[in-house]
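Novice: Residue numbers (our numbering), protein chains in the order written: chain A, 1 to 259; chain B, 1001 to 1333.
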Amino acid sequence: MAATATLWNKQMRKFLANPEEMFGLLIQPILWVVLFGVGMKSMLSADMPGSGEPYVTFMLPGIVVLSALGGAIGGGSVWLTERLRGIVKEYLVAPIPRLSILMGNALSTMTKSMFQAIIILFVGLILGAKLSPNPLGWLGGLVLVAGFGLGFSGIALSIASQTDNPGAYHAMIMVFNLPLLFLSNALYPLATMPTWMRIGSLLNPTTYTIDGLRQMMFRDPAALAGSDPLPLWLCWGVVLAFAALGMWLAYTTFRKSIK
Amino acid sequence: MNEGLDNGPAIEARGLVKRYGDQVVAVDGVDLSIPANRIYGLLGPNGAGKTTTISILTTLLEPTAGEAKVLGLDVVKQAGDVRQRVGVTFQEMVLDDELTGRQVLDYHGRLYRMGKTERQAKTEELLALVELEEAAERKAKTYSGGMKRRLELARALMTTPEVLFLDEPTLGLDPQTRARIWDYLRALKEESGMTLLLTTHYMDEAEELADTVGIIDRGKLVAEGTPQALIEEMGADTIHVIGEGDREAFVENVSALPFVQAVDVGRTVIQVGVDLGSKRLVEIIAQATDSAFTIQDITVAKPSLGDVFLKYTGRRLRDTDSTQTHHRMLLMS
Ligand SMILES: Nc1ncnc2c1ncn2[C@@H]1O[C@H](COP(=O)(O)OP(=O)(O)OP(=O)(O)O)[C@@H](O)[C@H]1O
Ligand SMILES: [Mg+2]
Chain A
1 MAATATLWNK
11 QMRKFLANPE
21 EMFGLLIQPI
31 LWVVLFGVGM
41 KSMLSADMPG
51 SGEPYVTFML
61 PGIVVLSALG
71 GAIGGGSVWL
81 TERLRGIVKE
91 YLVAPIPRLS
101 ILMGNALSTM
111 TKSMFQAIII
121 LFVGLILGAK
131 LSPNPLGWLG
141 GLVLVAGFGL
151 GFSGIALSIA
161 SQTDNPGAYH
171 AMIMVFNLPL
181 LFLSNALYPL
191 ATMPTWMRIG
201 SLLNPTTYTI
211 DGLRQMMFRD
221 PAALAGSDPL
231 PLWLCWGVVL
241 AFAALGMWLA
251 YTTFRKSIK
Chain B
1001 MNEGLDNGPA
1011 IEARGLVKRY
1021 GDQVVAVDGV
1031 DLSIPANRIY
1041 GLLGPNGAGK
1051 TTTISILTTL
1061 LEPTAGEAKV
1071 LGLDVVKQAG
1081 DVRQRVGVTF
1091 QEMVLDDELT
1101 GRQVLDYHGR
1111 LYRMGKTERQ
1121 AKTEELLALV
1131 ELEEAAERKA
1141 KTYSGGMKRR
1151 LELARALMTT
1161 PEVLFLDEPT
1171 LGLDPQTRAR
1181 IWDYLRALKE
1191 ESGMTLLLTT
1201 HYMDEAEELA
1211 DTVGIIDRGK
1221 LVAEGTPQAL
1231 IEEMGADTIH
1241 VIGEGDREAF
1251 VENVSALPFV
1261 QAVDVGRTVI
1271 QVGVDLGSKR
1281 LVEIIAQATD
1291 SAFTIQDITV
1301 AKPSLGDVFL
1311 KYTGRRLRDT
1321 DSTQTHHRML
1331 LMS
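#1: Do you know how far the Cα of residue 3/A is from the Cα of residue 97/A?
#2: For residue 1147/B, which residues of its own chain have a beta-carbon under 7 Å away from its beta-carbon, when the five flanking residues on both sides are left out?
#3: State yes or no: is the beta carbon of residue 50/A nearer than 8 Å to at least one beta carbon in chain B?
#4: Using a Cβ cut-off of 8 Å (strictly closer), state whether residue 92/A contacts chain B.
#5: Distance check for residue 1249/B and residue 1292/B, CA to CA, integer angstroms please.
#6: Exposed or buried, what is residue 158/A when buried is set at 16 or more other beta-carbons lying within 10 Å of its beta-carbon?
#7: Who are the near neighbours of residue 1014/B in its chain, counting only those whose CB is closer than 8 Å to its CB and skipping five residues on each side?
#8: Ligand 1 and residue 1050/B: does any heavy atom of the ligand fall closer than 7 Å to the residue's C-beta?
#9: What residue range does the alpha helix (DSSP H) around residue 1049/B cover?
#10: Using a Cβ-Cβ cut-off of 7 Å (strictly less than) and excluding sequence neighbours within five positions of residue 120/A, which residues of its own chain qualify?
#11: Can you find a CB in chain A that lies within less than 8 Å of the CB of residue 1096/B?
#12: Determine the burial state of residue 161/A: buried for a count of at least 16 other Cβ atoms within 10 Å of its Cβ, exposed for fewer.
#13: In whole angstroms, what is the alpha-carbon distance linking residue 130/A and residue 180/A?
#14: With a cut-off of 8 Å on the beta carbons, I'd call residue 86/A and residue 1090/B a contact; round off their distance for me.
#15: Please tell me whether, using a cut-off of 7 Å, the distance from the CB of residue 1047/B to the nearest non-hydrogen atom of ligand 1 is below it.
#16: Nearest chain A C-beta to residue 1060/B closer than 8 Å, yes or no?
#17: Which runs of the beta strand (DSSP E) spanning at least 3 residues fall entirely within the stretch 143-185 of chain A, listed in chain order?
#18: Check whether the Cβ atoms of residue 93/A and residue 1083/B lie closer than 8 Å to each other.
#19: Does DSSP put residue 1112/B in a helix, in a strand, or in coil?
#20: Taking C-beta to C-beta, are residue 1402/B and residue 1053/B nearer than 8 Å?
#21: Am I right that residue 209/A and residue 239/A are in contact with their C-beta atoms under 8 Å? What's the rounded C-beta distance?
#22: For residue 1100/B, which residues in the same chain have their Cβ closer than 8 Å to its Cβ, ignoring the five residues on either side in sequence?
#23: Tell me residue 1212/B's beta-bridge partners as DSSP assigns them.
#24: Pop quiz: residue 1236/B and residue 1312/B are said to be a contact at Cβ under 8 Å. What is the actual Cβ separation, rounded to whole angstroms?
#25: Pick out whichever of 250/A, 254/A and 36/A has its Cα sitting closest to the Cα of residue 151/A.
#26: Mind checking which residues open and close the alpha helix (DSSP H) that includes residue 1189/B?
#27: To test your reading of the DSSP string, which unbroken alpha helix (DSSP H) runs of 4 or more residues are found completely within the stretch 1236-1321 of chain B?
#28: Which residues in the same chain have their Cβ closer than 8 Å to the Cβ of residue 1216/B, if we skip the five residues on either side of it in sequence?
#29: Please confirm whether any heavy atom of ligand 2 lies closer than 7 Å to the CB of residue 1022/B.
#30: Is it the case that the CB of residue 1167/B approaches a heavy atom of ligand 2 more closely than 7 Å?
#31: For the beta strand (DSSP E) containing residue 1139/B, name the first residue and the last one.
#32: Establish whether the CB of residue 119/A and some CB of chain B are separated by less than 8 Å.
#33: Give, in chain order, every residue of the stretch 1107-1118 of chain B whose Cβ lies closer than 9 Å to some Cβ of chain A.
#34: Note down, in chain order, each residue of its chain lying with its Cβ closer than 6 Å to the Cβ of residue 47/A, except the 5 sequence neighbours on either side.
#35: Helix or strand or just coil, what does DSSP make of residue 1079/B?
Rendered as structure tokens:
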């Protein structure tokens, strides 16, 4: 725990001392919401089928998840760099649990994703998204995104533990990133999908994250999803299992890589 | 706290082996027994297995076979305890250089669960020791190579280790910086009773620093002793002979001479250890004539640790394509 906190603190301090990274991290989600959300909105009819909500509201959870995915990819990249530059060896000769090393990285990634999520919601609000009036719902939503981020961080860390080549890392991570994003309810409601796509989406933890977000953070989730929402307990269950599975995967591949 | 330290050696290895796949045997049955409060210098050509040995002793790698103990603690079964009590610097530069010098030390202390006041006191003490006080607030990426090396040394000392492992601590440093680092290391041993194991390519470094030198080649420890003892084994003087012709006959005849103490055949140089070089030169030359061996160059020198190294490894340090050349020579002769 102490070691995780130390490594988290170190990553955060480096982040705060790096204006370019901070700027990019803050601007990216704003661009996504403004360009994507607004652009799509004007292309589609102003409202989603069977709903009075603007498309921005529908899009927002997808953008939050997209940012979390991007953050996790960045975290894996940091990890690969630390491995290649030998910095991981400094951690490995220290009397700390191996898992805490990975957790330090994943938690700092998640922290950044939280900042981004808050910015996204804020910008969304300005653009007319209809947020739930219940702040507990927002908090629950953030925790859900954190869990999802942890799971995908695990996948990224696992890939970054197995390759010594940044190009290979980015190519591999896209194999996971793209289906996770597009084979889900992030961009289209489940109800409007062809069957094969709906099956794929229901196998994807992203879908449960986004559905959970819609239910907890926004008004009138049933209309947003274009169908009955998935049970909230199932969303939590899937996301938490994904988080645990991701970190377990990272842990086992990392252990194997240092044998 | 110091279980096993009081009477046993600080570092102990028995039959240490590390294999990579089926092909590479990086360490091939190394035995070590290093008493506390010594400086042990591990010498060896590139690829000899020095870094691998250190990696096993510092718990970074598990040995394929054999066992090792540091401060009486098994490096595999009690890895956590070993980690708590040793310090390491790596062969390559390993620094999070986005951090300032002070931050590097502080975070290192935190990882070892040092308290805040202790960390701050130790940081100041070490920054002074390695003369980096003025650069302490600068990011490490703005440091010169020597400054980075000194910062790494300070980091390894942050946790007041009982055993310090240094993999080529003065690699690529200028002579003044090297001399300064030697001074720190000697002082550490004298003042804090630390045990040091360092690897090096520099003969002068081993001679200056090490109480005991171990020469490692192709994963095996081929010689061990104090630098003086190893050098004395070479004979009082060494005559270096370079020439062509019947090398084997020449070596055989020279070896038979009563005053010759050692003969070592390198890939170009034949080293002959004798009691008094200036006096025996003529007799050696006479042997060459008898053996149909033409001498092209002959010199007399006091033997050095470099000669010892050459004797045991058949290579001079950084002799990259020695095996190839050696091979060619065998074909020729
Ligand atoms: N990860 C690895 N996979 C395969 N072989 C390896 C690996 N690491 C080291 N080796 C091999 O093991 C042998 C010993 O390497 P090691 O790094 O211990 O040598 P060294 O004595 O430190 O050399 P140098 O003076 O060049 O630093 C070498 O032949 C090297 O190629
Ligand atoms: Mg080495």
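Yeah, the Cβ is synthetic: ideal placement off N, Cα and C, and Gly gets one too. All values derive from a computational prediction rather than experimental measurement.
Specialist: The answer reads as follows:
#1: Cα to Cα, residue 97/A sits roughly 8 Å from residue 3/A.
#2: Answer for residue 1147/B: 1132 and 1135, listed in chain order.
#3: Interpretation of residue 50/A is limited by its pLDDT of 41, a score under 50 that renders its predicted location unreliable; the figure taken from the coordinates is listed afterwards. Not one beta carbon of chain B lies nearer than 8 Å to the beta carbon of residue 50/A.
#4: Closer than 8 Å to some Cβ of chain B, the Cβ of residue 92/A qualifies, so yes.
#5: Cα to Cα, the separation comes out at about 8 Å.
#6: By the neighbour-count rule (16 or more Cβ atoms within 10 Å), residue 158/A is buried.
#7: Same-chain partners within the cutoff: 1031, 1066, 1067 and 1068.
#8: Because some heavy atom of ligand 1 lies under 7 Å away, the Cβ of residue 1050/B counts as near it: yes.
#9: It is not in any alpha helix (DSSP H) - residue 1049/B carries neither H nor E in the DSSP assignment.
#10: Non-local beta-carbon contacts of residue 120/A in its own chain, meaning distances under 7 Å to residues more than five positions away in sequence, involve 29, 33, 60, 63, 64 and 67 in chain order.
#11: For residue 1096/B, the closest Cβ of chain A is nearer than 8 Å.
#12: So residue 161/A counts as buried.
#13: Cα-Cα distance, rounded: 26 Å.
#14: Indeed they touch by this definition, with Cβ atoms about 6 Å apart.
#15: Yes; taking the cut-off as 7 Å, the Cβ of residue 1047/B has a heavy atom of ligand 1 nearer than that.
#16: So yes, residue 1060/B belongs to the interface.
#17: Entirely contained in the stretch 143-185 of chain A, not one beta strand (DSSP E) run reaches 3 residues.
#18: Cβ atoms of residue 93/A and residue 1083/B: closer than 8 Å.
#19: Here residue 1112/B sits in coil by DSSP.
#20: The question about residue 1402/B has no answer, for chain B in this structure spans 1001 to 1333.
#21: Contact flag correct, Cβ pair sits at about 5 Å.
#22: The answer, listed in chain order, is 1136, 1137, 1138, 1139 and 1140.
#23: Beta-bridge annotation (DSSP): residue 1212/B is paired with 1040/B.
#24: Between residue 1312/B and residue 1236/B the Cβ distance is about 19 Å, and since that is not below 8 Å, they are no contact.
#25: Per the Cα distances, 250/A.
#26: Here the alpha helix (DSSP H) through residue 1189/B covers 1175-1192.
#27: Annotation: the stretch 1236-1321 of chain B contains the following complete segments of the alpha helix (DSSP H) (minimum length 4 residues), in chain order: 1247-1256, 1277-1290 and 1305-1313.
#28: Result list for residue 1216/B: 1030, 1042, 1043, 1044, 1048, 1049, 1050, 1053 and 1222, in chain order.
#29: False, no ligand heavy atom lies under 7 Å from that Cβ.
#30: Flag set: Cβ of residue 1167/B near ligand 2.
#31: That residue, residue 1139/B, is in no beta strand (DSSP E); it is neither H nor E in DSSP.
#32: Not an interface residue.
#33: When CB distances to chain A are screened at a threshold of 9 Å, the residues of the stretch 1107-1118 of chain B falling below it are 1107, 1108, 1110, 1111, 1112 and 1113, in chain order.
#34: With a pLDDT of only 49 at residue 47/A, under the threshold of 50, the placement of this residue in the model should not be trusted; the figure read from the coordinates follows. None.
#35: In this structure, DSSP gives residue 1079/B a helical state, which the three-state scheme calls helix.
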